[in-house]
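In the working numbering, each number is its position in the sequence shown, counted from 1, plus 17.
Here a beta-carbon is modelled for each residue, glycine too, at the ideal position from N, C-alpha and C.
Quick caveat, the model's predicted, so the values are computed rather than measured.
Notes for the one structure printed next.
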Amino acid sequence: MTRPISDLDVPLTRLQSDMHDLVVRQRAQLASERLAERLGRAQWLVAHPDWPTGHAAPGEAAEYRHLLYDADPDATVPAFPYPSACDPKDQP
């Protein structure tokens, strides 16, 4: 025997309350997952200080290496020869 729809009817306020509670729980769960992800990333970076790019894409990591090599005069890869205003050969 099936139950009539009137037996299953739920007041709108109850439905709104249940939906609100569900959304609050989902947001809290998402916030805790994001926090755990960020903490894991921070712990990984602390454990690997020699790898500043972490999980960077290959192009982004190459750009970081390029910037570091340009900044370090003792780097194994020479910096690009940018002309400066102080070079006499660049003066007309």
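No Cβ-Cβ contact shorter than 8 Å links Ala74 with Tyr81. Just so you know, the alpha carbons of Arg51 and Trp61 end up roughly 15 Å apart. The DSSP assignment places no complete run of the beta strand (DSSP E) inside the stretch 19-80 (cut-off: 3 residues).
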